[in-house]
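Following: one structure in structure tokens, then a few remarks.
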Amino acid sequence: MNSDFLRTVAHELKTPLTVISGYAQLMNRQLEKGSLAENAPERLKIIRQEADRLSEIVNHLMDYTYGQNRKSEMSEVDVSALFGIAGSVLSPICAKRNNTLTFSGDSKCRVHGNSELLLQVLINLVVNANRHTENGRITVEVQDCGETAEFSVSDNGKGIAPEIAGHIFEKGFTTTDGRGLGLSISSETVSLHGGTLSLRSTGPDGSCFCFTIPEEEKK
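In the numbering used here, the protein residues as written are 41 to 259.
Set out below in structure tokens:
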């Protein structure tokens with residue numbers, strides 16, 4: 041149990057650390073050349089946001105350690121703002137494999153959930169799509185379905201083999217050098233919100249994952 045817990049925590053910490061390290065190294069190289077890019081303030085903002093997210097993860101870890109494992113707070117989440125943060129974090133990661141990341145759909149809708157947890161779900165799904173796609177495109181879309189909002193993450197990568205598709209949500213299952221935790225953590229997080237994460241389609245033209253989140257009650 042301790043090993044499973046530590047692997048889960050390590051997985052959650054990896055992405056923000058990668059983003060912070062990547063931007064810091066890039067800006068350091070620019071400083072060595074004597075000039076910073078015009079978007080340096082935006083990159084510093086992303087570093088600060090990811091540092092704050094790391095701090096939040098550590099706070100939850102401390103709560104767990106001291107036996108205060110409280111339920112995650114749910115509130116109104118602005119999907120447009122959520123997409124904005126996700127894009128800032130994920131676009132550079134996708135660019136390393138020459139993939140284009142786009143966001144579409146009714147991003148003005150507002151859902152009821154935990155913004156940090158939903159951000160982590162999007163990060164896990166896009167990072168997973170990016171791992172299996174190169175020189176392609178990854179699309180994050182949201183559709184207003186009335187009482188729920190449906191999110192989808194699709195790519196035009198190599199797809200998932202049929203014999204593997206039935207196991208991808210199992211904790212620890214992986215066919216790469218990863219930990220096999222991203223999809224299982226995402227599935228548990230979506231379940232916490234009252235939804236279900238599923239593989240809608242896969243094949244030689246790519247894969248599509250989708251999940252639903254309750255919309256915020258209209259006042």
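Every residue, glycine too, gets a C-beta built ideally from N, C-alpha and C. None of the values given here were measured: they were computed from a predicted structure.
Per DSSP, residue 174 is not a residue of any alpha helix (DSSP H), being assigned neither H nor E. In the structure shown, residue 86 adopts helical secondary structure according to DSSP, grouped into three states. For residue 64, no pairing in a beta bridge is given by DSSP.
In its chain, beyond the 5 residues on either side, 175 have a beta carbon closer than 6 Å to the beta carbon of residue 138. Bounds of any beta strand (DSSP E) do not take in residue 208, whose DSSP letter is neither H nor E. Rounded to the nearest whole angstrom, the C-alpha separation of residue 200 and residue 251 is 18 Å. Rounded to the nearest whole angstrom, the CA to CA distance from residue 167 to residue 94 is 18 Å. If you draw a straight line from the Cα of residue 148 to the Cα of residue 123, it is about 10 Å long.
Contact between residue 246 and residue 196 holds: their C-beta atoms lie close to 4 Å from each other, under 8 Å.
In the assembly as shown, residue 133 is a buried residue. Its beta-carbon has 16 or more other beta-carbons within 10 Å.
Counting C-beta atoms within 10 angstroms of its own C-beta, residue 65 has fewer than 16 neighbours from the protein chains shown and is therefore classed as exposed.
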